[in-house]
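If you're matching positions, the sequence shown starts at 109 in the numbering used here and goes up one per residue. Where a beta carbon is used, it is the ideal one built from N, C-alpha and C, also for glycine.
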Amino acid sequence: MCDTLVVLPEYKKTGITIFAKNSDREPNEPNIPTRVGRAEHKKGTVLRCTYITIDQVPLTYDIFMIKPSWMWGAEMGVNEHAVALGNEALFTRSRPGPPALTGMDLVRLALERSCTSREAVEVIVSLLERYGQGGNCGYSRKLRYDNSFLIADPSSAWLLETVGKYWATKRVNGCMAISNALILHDDYDECSANFWRKRNGELSDFKKTWEHALITRIARGEARRRFSAHFLKNHEEPLTAHQVMKFLRWHAPRDAEQLFRHRTYQSLCMHAGGPFSFQTTGSLVAEMDQSGARAWYTGSSLPCISLFKPFHFTTVSPAQQEKPGPLAQAAAFWMKREHFHRLILGKCFDNLDWFLAERDALEGELLKRSRVLQTVRQKEELLNYAFNQEQKMIGRAVAESESRPFSPQGGPMYRYYWAKQNRLLSRQPSTSGGK
């Protein structure tokens, strides 16, 4: 389960395009920040994705992405041309096909091969029609789904909804929010040639044709999408990246009353806590204009207890290079912060107000300093400063907590669920680098 939004420059006079996503996956599944540099490839080169091998292109672009540690593909990201995108799981009546490209594979492929949001649409559509989509996307359990994509660049954005090899797309006007539900009825701009029209020549209803209403309702995606859309349309001007970060931390009132005691159902910051529940395991906010892109990412679960750190494409950090060692470091970075989350769940850390106050002050400082950066060195120093300060905060909080007994709150099923997740997490190698 995920939530994605985009705001274009003309909307409420933001002056920039803002793209944001919360990636909701299994609570023990590391979602790690990874950078892959621009590369040239020899003719005839093939590329191994999560499940299948496809033809490689001559040139792939520099990308920064947030990816599940075990997958080739990514949940979300931005590239050197300031193209940003993310995917959403869609539950449809389409019969699952054989393993093919996953939605996450298509996100990464579009980032590596696109200079504009429109070109990203064309990349995904062409790959989809050639190779199809399919394969298990679950970490510890089987989960198959179709995908929608929200794609943005400094001047435009597109919604692309896909079911098997069928697709429909619509250009974004001002702003848009999507979640785990189809949006497009007969109001799409384009659709695949193999998607039919009604006999009277009218466009067919894409949502009505394909959506699995019961599973979509259980996923609560439509409720979260409506809330996100309401936030975008009714927020005071101007909308900033900082305000979007705070929005990604939003909990529904009922959920907020039971944080760390009950799973959340309709919140953008999703907390797991029972069978078939999911958790926000990574968050990204990207700012894009004609000068390029700047990304803010957590590299950890639950934005409500995480720090958004800055990334610039002139920055080269060890946690952001796709090599075995640094990938392992990025996974260990995620695991250490997840350990802190489990201490909060167990009531081992009872000074959360202190931690959040320091986190907010540091984040405000990073946002302020990021506006006046000029040199590559300054950008690198700011990212290192963010990492170091966060490490100190996490280290202090963990040191205060680890000697205390683990005593989670909540009902019996909630406590049983997290006891099981803790056992499973303790068996995972913290340096798993994935594909």
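| said: What residue range does the alpha helix (DSSP H) around Q387 cover? | reply: By 1-based counting over the sequence shown, the position of residue 387 is 279. Note, Q387: premise wrong, no alpha helix (DSSP H); beta strand (DSSP E) at 387–397.
| Exposed or buried, N302, counting other C-beta atoms within 10 Å across all chains shown (16 or more means buried)? | What you label residue 302 is simply residue 194 of the sequence shown in a count that begins at 1. Counting Cβ neighbours within 10 Å, N302 comes out exposed, since fewer than 16 surround it.
| query | Any idea if Y274 is buried or exposed, counting beta-carbon neighbours within 10 angstroms, 16 or more meaning buried? | reply | Residue numbering aside, residue 274 sits at position 166 when the sequence shown is read from its first letter. The C-beta of Y274 has 16 or more other C-beta atoms within 10 Å across all chains shown, which makes the residue buried.
| If you check the beta carbons only, do G329 and M109 fall under 8 Å apart? | Counting from 1 along the sequence shown, the entry for residue 329 is found at position 221. Counting from 1 along the sequence shown, the entry for residue 109 is found at position 1. Taking 8 Å as the Cβ cut-off, G329 and M109 qualify as a contacting pair.
| request: Take the Cβ of M284 as the centre, count every other Cβ of all protein chains shown within 10 Å, and call the residue buried at 16 or more, exposed below. | output: For this step, residue 284 is matched to residue 176 along the sequence shown. Looking at its Cβ environment, which holds 16 or more other Cβ atoms inside 10 Å, M284 is buried.
| field | Integer Cβ distance of P176 from Y253, believed to fall under 8 Å | value | Counting from 1 along the sequence shown, the entry for residue 176 is found at position 68. Counting from 1 along the sequence shown, the entry for residue 253 is found at position 145. Contact doesn't hold; Cβ gap of about 14 Å is too wide.
| Cα-Cα separation, R467 to L415 | As a first step, residue 467 is located in the sequence shown; it is residue number 359 there, counting from the start. As a first step, residue 415 is located in the sequence shown; it is residue number 307 there, counting from the start. Those two C-alpha atoms are separated by around 6 Å.
| Contact under 8 Å by Cβ, V186 with S225 | Along the sequence shown, read from residue 1 onward, the residue named residue 186 stands at position 78. Along the sequence shown, read from residue 1 onward, the residue named residue 225 stands at position 117. Judged by beta-carbon spacing, S225 lies beyond the 8 Å limit of V186, meaning their Cβ atoms are not closer than that value.
| What does M184 pair with, by DSSP beta-bridge criteria? | Here residue 184 refers to the residue found at position 76 when the sequence shown is read from its first residue. In the DSSP secondary-structure assignment, M184 is bridged to I174, G194.
| request: Would you grab the beta carbon distance between T210 and G240 for me? Rounded to a whole angstrom, and I think it's under 8 Å. | output: Here residue 210 corresponds to residue number 102 of the sequence shown, with the count starting at 1. Here residue 240 corresponds to residue number 132 of the sequence shown, with the count starting at 1. Incorrect: roughly 11 Å between the Cβ atoms, too far for contact.
| query | So, helix, strand or coil for Q241, using DSSP? | reply | Residue mapping note: residue 241 aligns to position 133 of the sequence shown, counting from 1. Note: Q241 maps to strand in three-state DSSP.
| Cβ of F421 within 8 Å of Cβ of G390? | Locating residue 421 in the sequence shown gives position 313, counting from the first residue. Locating residue 390 in the sequence shown gives position 282, counting from the first residue. No, Cβ-Cβ distance for F421 and G390 is not below 8 Å.
| query | Could you give the distance in angstroms between the alpha-carbon of I452 and the alpha-carbon of D458? | reply | For the purposes of this step, residue 452 is taken as residue 344 along the sequence shown, with counting starting at 1. For the purposes of this step, residue 458 is taken as residue 350 along the sequence shown, with counting starting at 1. Cα atoms of I452 and D458: separation of roughly 7 Å, rounded to the nearest angstrom.
| Endpoints, alpha helix (DSSP H) assigned at F355 | Locating residue 355 in the sequence shown gives position 247, counting from the first residue. Counting along the chain, the alpha helix (DSSP H) containing F355 begins and ends at 349–356.
| When the Cα atoms are used, what is the spatial distance from A197 to V215? | For the purposes of this step, residue 197 is taken as residue 89 along the sequence shown, with counting starting at 1. For the purposes of this step, residue 215 is taken as residue 107 along the sequence shown, with counting starting at 1. A197 and V215 have their C-alpha atoms roughly 12 Å apart.
| DSSP on T324, reduced to helix/strand/coil? | Position 216 of the sequence shown holds residue 324. If DSSP states are grouped into helix, strand and coil, T324 belongs with the helices.
| message | On a Cα-Cα basis, can you pick out the residue from K250, L292, S131 that is closest to M212? | response | Here residue 212 corresponds to residue number 104 of the sequence shown, with the count starting at 1. That would be S131, whose Cα lies nearest to the Cα of M212.
| Alpha carbon to alpha carbon, what distance is there between L435 and P426? | By one-based count along the sequence shown, residue 426 stands at place 318. By one-based count along the sequence shown, residue 435 stands at place 327. The predicted position of P426 is uncertain, since its pLDDT is 45 and thus under 50; a value taken from the coordinates is nonetheless stated next. Roughly 8 Å between the two C-alpha positions.
| Assigned exposure category for Q482 - 16 Cβ within 10 Å defines buried | One-based indexing of the sequence shown puts residue 482 at position 374. A residue is called buried once 16 or more other Cβ atoms fall within 10 Å of its Cβ, and Q482, having fewer, is exposed.
| request: Report back the beta-carbon spacing between F384 and R133 to the nearest angstrom; my notes put them in contact at under 8 Å. | output: Translated into the one-based positions of the sequence shown, residue 384 becomes position 276. Translated into the one-based positions of the sequence shown, residue 133 becomes position 25. Wrong, their Cβ atoms sit about 13 Å apart, outside the cutoff.
| field | Residue of D363, L410, R523, D313 minimising C-alpha distance to L293 | value | Your numbering for residue 293 matches position 185 in the sequence shown. A small correction: the amino acid at residue 293 is His; Leu does not occupy that position in the sequence shown. Distance from the Cα of H293 is smallest, within the candidate group D363, L410, R523, D313, for D313.
| P411, enclosing beta strand (DSSP E) - first and last residue | Residue 411 sits at position 303 when you count from the first residue of the sequence shown. That residue, P411, is in no beta strand (DSSP E); it is neither H nor E in DSSP.
| Neighbourhood of L155 by C-beta, 6 Å cutoff - its chain only, sequence neighbours within 5 removed | Within the sequence shown, residue 155 is the residue found at index 47, counting from 1. I162, Q164, listed in sequence order.
| message | In this structure, how does DSSP classify F335 when only helix, strand and coil are distinguished? | response | Here the question's residue 335 lines up with position 227 in the sequence shown. Looking at F335 - three-state DSSP - the assignment turns out to be helix.
| Cβ-based neighbour list, E148, same chain, cut-off 6 Å, excluding 5 preceding and 5 following | Sequence index remark: in the sequence shown, residue 148 carries index 40 (1-based). Around E148: L167.
| message | Pull the bridge partners of D213 from the DSSP assignment, please. | response | For this step, residue 213 is matched to residue 105 along the sequence shown. Beta-bridge pairing by DSSP links D213 to no other residue.
| request: Please report how far the alpha carbon of S511 lies from the alpha carbon of R143, in whole angstroms. | output: For the purposes of this step, residue 511 is taken as residue 403 along the sequence shown, with counting starting at 1. For the purposes of this step, residue 143 is taken as residue 35 along the sequence shown, with counting starting at 1. Between S511 and R143, the C-alpha separation is close to 37 Å.
| query | Are I174 and E220 closer than 8 Å when you measure CB to CB? | reply | The residue labelled residue 174 in the question sits at position 66 within the sequence shown. The residue labelled residue 220 in the question sits at position 112 within the sequence shown. No, they are not a contact pair.
| query | So which of T317, D397, P418, R535 has the shortest CA-CA distance to R477? | reply | Locating residue 477 in the sequence shown gives position 369, counting from the first residue. Selected option, being the one with the closest Cα: P418.
| request: Go through its chain and collect everything with a Cβ distance to W358's Cβ below 7 Å, but skip five positions before and after it. | output: Reading the sequence shown from its first residue, position 250 is the one you call residue 358. When the five nearest sequence neighbours on each side are left out, the beta carbons in the same chain lying within less than 7 Å of the beta carbon of W358 are those of S375, L376, C377, in order along the chain.
| request: Starting from N496, follow the alpha helix (DSSP H) in both directions and report where the run begins and ends. | output: In the sequence shown, residue 496 corresponds to position 388, counting from 1. Counted as a single uninterrupted DSSP element, the alpha helix (DSSP H) harbouring N496 occupies residues 484–509.
| request: Assign T539 to one of three DSSP states: helix, strand, or coil. | output: By 1-based counting over the sequence shown, the position of residue 539 is 431. Caution is warranted here: a pLDDT of 40 is assigned to T539, below 50, making its placement in the model unreliable, and the coordinate value is therefore given only provisionally. Coil, per DSSP.
| If you run the structure through DSSP and keep just helix, strand and coil, what is H420? | Counted from its first residue, the sequence shown places residue 420 at position 312. Here H420 sits in strand by DSSP.
| message | Could you tell me the alpha carbon to alpha carbon distance between N255 and G272, rounded to whole angstroms? | response | For this step, residue 255 is matched to residue 147 along the sequence shown. For this step, residue 272 is matched to residue 164 along the sequence shown. If I take the Cα positions, the gap works out to 9 Å.
| How would you write the range of the alpha helix (DSSP H) that R477 sits in, first residue to last? | Numbered from 1 along the sequence shown, position 369 holds the residue referred to as residue 477. R477: member of the alpha helix (DSSP H) spanning 460–478, first to last residue.
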